[in-house]
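Below is one structure, written out as structure tokens, with a few remarks after it.
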Amino acid sequence: MPMENVTPAEQAIAEAASLGADAVRLRAIVAEAAEARRADRAWLRWALVYPAVVLVLALVGTACITVRDGALIHDVEDAFREPPIPTPQPAWPTLGSGDVAVASLAALGAAGLVAWLVRQGRRDAAAGIVASRCDVLGELATGGCTRHTGATLARAIVADAGPVAAGCPPLVTHAIARDDSDGRVSLLRSTAAFYRGLEQRRRRTLERVVPAAACCVAGLAVMLYGLALFRPLAGLVDTLAVPSDRVAREHGP
Amino acid sequence: MSDRGVFDRSIADAIRKHRAAAPYVRLVAAALPPRERMPWRRMADALSSGDVAAGIRAADRAASCWIPLVATAAGDARLEARILQAATRPPRCGGRWSAIVSALVAATLALLVLLLLATTVLPVFEVLFGDFGMQLPWLTRMTLAIGPAVRGGWQPLLAVAGLGGLCWWFLAWHMPRRAARIADFTQALARLVAGGCDDGDAIALASRVVAVSASDPARPVRPLTYAAVAALEAPPAAAAVLLDAVAECHDDRARGAEGAGEWFVGPLAIVAVGLVAGLLVVALFLPLVQLVSNLS
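Each protein sequence line maps, in turn, to chains X and H.
Throughout the first sequence, residue numbering follows this note's numbering, covering 1102 to 1354 in sequence.
Throughout the second sequence, residue numbering follows this note's numbering, covering 114 to 409 in sequence.
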């Protein structure tokens, strides 16, 4: 492979191999971390497809009904008055307090869900990357790398799997600081399992919460759509049902 | 010595043996999610101050966190790995209340939608259709009868909801919880036996983890299973491996039952609310279509 095409991670793996580490094992750790990250993103995209489609359809439907059909129904309503009396129509469709409340709730819910997802996604990635970094550090320590070299190489090696923080978390620093090599390797592996457990727990929370929360947000949008659909129709039918009362009420006896 | 005596003595010994572990326990606490930090912080405080009474109070609230300290000898380099292992519980289906909360949220949403429709939308349409003096389809008549039924007969509705909740609690909460308690007990027993604890003391301490009184191995009562008693007859290292395997089996059972319990709550709520809303829309649209065709 030409040297200019070699990524910094590959260079670091080659350097680690020259110091006695198992390059195949290091590549497997990085590939596993990258694959887990890709799978998480793919799952999230698929989980959000259905609610997003429902949300968009409901919002488009609401806009169409409010702007186009609402005005049409308003005209029909005027024609059915006795005698036909055109009433002033606002340039922009007006929303009732209920509509505003439901729309605000749906918008707030959607914004909150997106913010929470972004936060969880970042934390997941961080815990997963720390776990991979610990595995790599353990592997380098097994190969006989010194602490400082190991820390530098580990950071470069996992850079391909996701964003890596400059410093290590305190638990990892504590594990690296162990004097005996066997104890260091063992504690690094335990620390990796700990961070992997944290990542799994957060992933599980996401898997349970995201579909339910997204369905709630989409449901609110559909409710808005239903209100927009029914309210003008109900108003029209109301006018048809009691025309004389309406005229008397609006224009006096 | 009583179970309580064994527990208090073991915690006091653990504090004496592992005071130097306090900074590491604090690091573990800081790395955990905020809602899981408190037991570890209490442990770190008790270790750093050497306060046995505070340690016993902390262990009473979360005995499983203290098992690594009790099961590890002073100066054993494996203590930190064991603390990490205890802090990394395999993910079951959420926490203690998560299944109940999700079911309650789904049921409350479904009831709210039904109440909202029954009290605000249906009366308006009832008046409208009444003004026209129309012959309503049976589906619409049935739907319009929901409003008065909900307004007048909420007590039976509440009773049915309560009964449903009870069934659900048994299926999704009580059954998996039983398996989870056996798993937690057996796992703690494995750690203690691996650490060289006497069988009787190990059973007494593991019982504190799940807050039950210790049972006699000659006549085991759950969470002490026959499989665990058989495993205890092996040498300590092999017994620990066997107990871990038994714990894993019960953990799998708990996870499966919790998963099944949680699995149907969401789809059931979505299907129920969707059916109610769909029926209402169809029922209210039918007379409107009939009215428009009559007008034309």
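Built from N, CA and C at the ideal position, the CB exists for glycine as well.
query	result
Which bits of chain H does SER1287 of chain X rub up against, with CB to CB less than 7 Å?	ALA194
Report the option in X:ALA1135, X:VAL1215, X:ILE1114, X:VAL1107 whose CA atom is closest to the CA atom of PRO1152 of chain X.	X:VAL1215
Would you tell me roughly how many angstroms separate the C-alpha atoms of SER320 of chain H and HIS131 of chain H, rounded to the nearest one?	23 Å
Between ALA344 of chain H and ALA350 of chain H, how many whole angstroms is the CB-CB distance? I'm expecting something under 8 Å.	Actually they do not touch by this definition, with Cβ atoms about 12 Å apart.
Should GLU1240 of chain X be labelled buried (16 or more other beta-carbon atoms within 10 Å of its own) or exposed?	buried
If you measure from the beta carbon of ALA144 of chain H to each beta carbon in chain X, is any gap under 8 Å?	yes
Looking only at its own chain, which residues have a Cβ that is under 8 Å from the Cβ of TRP1144 of chain X, when we skip the five neighbours before and after it?	GLU1308
Could you tell me if MET1102 of chain X is buried or exposed, where buried requires 16 or more neighbouring beta carbons within 10 angstroms of its beta carbon?	Low confidence applies to MET1102 of chain X: its pLDDT is 49, below 50, so where it sits in the model is not reliable enough to give any reading.
Give the interface partners of GLN198 of chain H over in chain X, defined as CB-CB distance under 9 Å, in chain order.	SER1291, ALA1294, PHE1295
Mind pulling the chain X residues with CB within less than 7 Å of ALA190 of chain H?	GLY1284
Quick one: is ALA478 of chain H buried, meaning 16 or more other Cβ sit within 10 Å of its Cβ, or exposed?	Nothing can be reported for residue 478 of chain H: it is not among the residues displayed for chain H, which extend from 114 to 409.
Determine, using beta-carbon pairs with one atom in the stretch 140–160 of chain H and one in the stretch 172–190 of chain H, whether at least three such pairs fall under 8 Å.	yes
So which residues of chain H does HIS1249 of chain X contact, with C-beta pairs closer than 9 Å?	Going along chain H, no residue has its Cβ under 9 Å from HIS1249 of chain X, so there is no contact; the nearest lies around 21 Å.
Is HIS131 of chain H helix, strand or coil by DSSP?	coil
Specify whether the stretch 1122–1139 of chain X and the stretch 1232–1252 of chain X touch according to this definition: at least 3 beta carbon pairs, one from each stretch, less than 8 Å apart.	yes
Start and end of the alpha helix (DSSP H) containing PRO147 of chain H?	Careful: PRO147 of chain H lies outside any alpha helix (DSSP H) and carries neither H nor E.
Quick one: what does DSSP say SER115 of chain H is sitting in, helix, strand or coil?	coil
Under a Cβ-count criterion, where at least 16 other Cβ atoms within 10 Å of its own Cβ denotes burial, should SER406 of chain H be classed as buried or exposed?	exposed
How would you call ARG209 of chain H, buried or exposed, if buried means at least 16 neighbouring beta carbons within 10 angstroms?	Caution applies to ARG209 of chain H, whose pLDDT of 49 falls short of 50 and renders its modelled position unreliable; the value that the coordinates give is listed next. Exposed: under 16 other Cβ atoms inside 10 Å.
Taking C-beta pairs closer than 9 Å, name the residues in chain X that TYR137 of chain H reaches, listed in chain order.	LEU1272, HIS1275
Could you check where the alpha helix (DSSP H) with GLY243 of chain H kicks off and where it finishes?	235–245
Here's the rule: buried if 16 or more other CB atoms are within 10 angstroms of the residue's CB, otherwise exposed. What is MET156 of chain H?	buried
So, helix, strand or coil for CYS206 of chain H, using DSSP?	Low confidence applies to CYS206 of chain H: its pLDDT is 44, below 50, so where it sits in the model is not reliable, and the reading given next is rough at best. CYS206 of chain H falls in the coil class under three-state DSSP.
Between which two residues does the alpha helix (DSSP H) harbouring GLY1094 of chain X extend?	Limits of chain X in this structure are 1102 at one end and 1354 at the other, which puts residue 1094 of chain X out of reach.
Going by DSSP in three states, LEU1149 of chain X sits in which element: helix, strand or coil?	helix
Which residues bound the alpha helix (DSSP H) around ILE1166 of chain X?	Unbroken run through ILE1166 of chain X: none, as it is neither H nor E.
Would LEU401 of chain H count as contacting chain X if we go by Cβ distances under 8 Å?	yes
In whole angstroms, what is the alpha-carbon distance linking ALA133 of chain H and GLY313 of chain H?	28 Å
Does the beta carbon of LEU1334 of chain X come closer than 8 Å to any beta carbon on chain H?	yes
For ALA125 of chain H, which of H:LEU145, H:VAL138, H:TRP179, H:LEU229 has the nearest alpha-carbon?	H:TRP179
Measuring straight from C-alpha to C-alpha, what distance separates GLY1298 of chain X and VAL1219 of chain X?	20 Å
Between VAL1338 of chain X and chain A, is any beta-carbon pair separated by less than 8 Å?	Absence of chain A from the displayed structure is noted, the protein chains being X and H.
I'd like to confirm something about ARG1297 of chain X: is its beta-carbon nearer than 7 Å to some heavy atom of the ligand ZN, or not?	Judged by which ligands are present, the structure shown has none, so any question about the ligand ZN falls away.
Using a Cβ-Cβ distance cut-off of 8 Å, determine whether GLY1229 of chain X contacts chain H.	no
Hey, how far is the Cα of ARG254 of chain H from the Cα of ALA1329 of chain X?	24 Å
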